[in-house]
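Per the working numbering, residue 1494 is the first one in the sequence shown, and the count goes up by one each step. Glycine included, every Cβ here is placed at the ideal spot set by N, Cα and C. Here is the structure we will look at.
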Amino acid sequence: MRLKFTHESFNDLVRLREFIAEKNPSAAEKYARKLMSTIQNLIINPELGKILDEKPDVRELVAGNYIVRYSLRGDIIYILKVWHGKEYR
């Protein structure tokens, strides 16, 4: 299995890191590393997230305070969207 980030999910990661870095750059680095580590766990266990009722081809993984939506297609895990749990989506 391998990970592939959509343009939107990559921008989400950048946006989240920049938001934290405005107040605490070292915390931004810490949270970014932890989030990426959790996402990389999908390579070993791609069915870790729950299947969404409204979109059965999409899964949702809770990664600390963050939500990661992804889709499995063959041997590729597409990261679709990433946001903080307190954000309105």
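Contact set for residue i: own chain, Cβ-Cβ below 7 Å, skip 5 residues either direction
i: Met1494; result: Ile1536, Pro1539, Asp1568 and Ile1570
i: His1577; result: Leu1509, Asn1558 and Tyr1559
Neighbourhood of residue i by C-beta, 6 Å cutoff - its chain only, sequence neighbours within 5 removed
i: Asp1550; result: Ser1564
i: Arg1552; result: Gly1542, Ile1544 and Tyr1563
Helix, strand or coil at residue i [DSSP, three-state]
i: Glu1540; result: coil
i: Lys1579; result: coil
Nearest-angstrom Cβ-Cβ length linking residue i and residue j, presumed shorter than 8 Å
i: Val1575; j: Val1555; result: At roughly 12 Å, the Cβ-Cβ gap does not stay under 8 Å, so Val1575 and Val1555 are not in contact.
As an exercise, report each continuous beta strand (DSSP E) stretch of at least 3 residues that is fully enclosed by the segment 1494-1552, in chain order. 1495-1498
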